[in-house]
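**Student:**
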Amino acid sequence: MHGMESTSSQAIRLNFLLSFQMLLKVIVYNKSRQYAGHSIIISAEPFDTVLRLKEKIEERTKIPSDIQHLMFGIDVPDNDKTVEQMNIQVGYTIYSTPTYIEVPSMPNL
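Position in the sequence shown counted from 1, then plus 264, gives you our numbering.
1. I need the straight-line Cα distance from residue 271 to residue 343, nearest angstrom please.
2. Can you tell me which of 346, 330, 317 and 347 puts its alpha carbon nearest to the alpha carbon of residue 291?
3. How about residue 288 and residue 338: do their beta carbons lie closer than 8 angstroms?
4. Entirely within the region 290-341 and at least 3 residues each: give me those beta strand (DSSP E) ranges in chain order.
5. With residue 356 as the anchor, note down where its beta strand (DSSP E) starts and where it stops.
6. Considering only DSSP beta bridges, list what residue 346 is partnered with.
7. Between the beta-carbon of residue 332 and the beta-carbon of residue 309, is there less than 8 angstroms?
8. With a cut-off of 8 angstroms on the beta carbons, I'd call residue 293 and residue 334 a contact; round off their distance for me.
9. Note down the Cα distance separating residue 328 from residue 348, rounded to an integer number of angstroms.
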């Protein structure tokens, strides 16, 4: 049994993860929006996916989740990765950039 968690310790860890919520700082880089260059705070739970984080950013900024490109450090995770899988901790900063090239003549979305 060396190296394997017991069922009770797995259950305790799962309960901890389900009840754990953290606040993450998001820096928004999108010049055509109200929040361009601003920092916002979103809540995140270990089982939130990147897509869910994008949806939370959309709720706050109105920037559609399908045009957001999130970065954690140098990683650009897939939409199905979770906060826990990426080992994101309290105090980490997420960067949100558009998935397209912005030009001055581009109308606001």
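Cβ atoms here follow ideal geometry from the backbone N, Cα and C, with glycine treated the same way. The structure presented is a predicted model; accordingly, all values stated were derived computationally and were not measured.
**Tutor:** Reading from the atomic positions:
1. The residue labelled residue 271 in the question sits at position 7 within the sequence shown. The residue labelled residue 343 in the question sits at position 79 within the sequence shown. For residue 271 and residue 343, the distance between alpha carbons rounds to 30 angstroms.
2. For the purposes of this step, residue 291 is taken as residue 27 along the sequence shown, with counting starting at 1. Nearest of 346, 330, 317 and 347 to residue 291, Cα basis: 317.
3. Reading the sequence shown from its first residue, position 24 is the one you call residue 288. Reading the sequence shown from its first residue, position 74 is the one you call residue 338. Contact: no.
4. 303-308 and 332-336
5. Residue mapping note: residue 356 aligns to position 92 of the sequence shown, counting from 1. Looking at the DSSP string, residue 356 is not in any beta strand (DSSP E), and its letter there is neither H nor E.
6. In the sequence shown, residue 346 corresponds to position 82, counting from 1. Partner(s): 313.
7. The sequence position of residue 332 within the sequence shown is 68, counting from 1. The sequence position of residue 309 within the sequence shown is 45, counting from 1. No, the Cβ-Cβ distance between residue 332 and residue 309 is not below 8 angstroms.
8. Here residue 293 refers to the residue found at position 29 of the sequence shown. Here residue 334 refers to the residue found at position 70 of the sequence shown. Not a contact, Cβ separation roughly 11 angstroms.
9. As a working mapping, residue 328 is identified with position 64 in the sequence shown. As a working mapping, residue 348 is identified with position 84 in the sequence shown. If you take the alpha carbons of residue 328 and residue 348, they lie about 24 angstroms apart.
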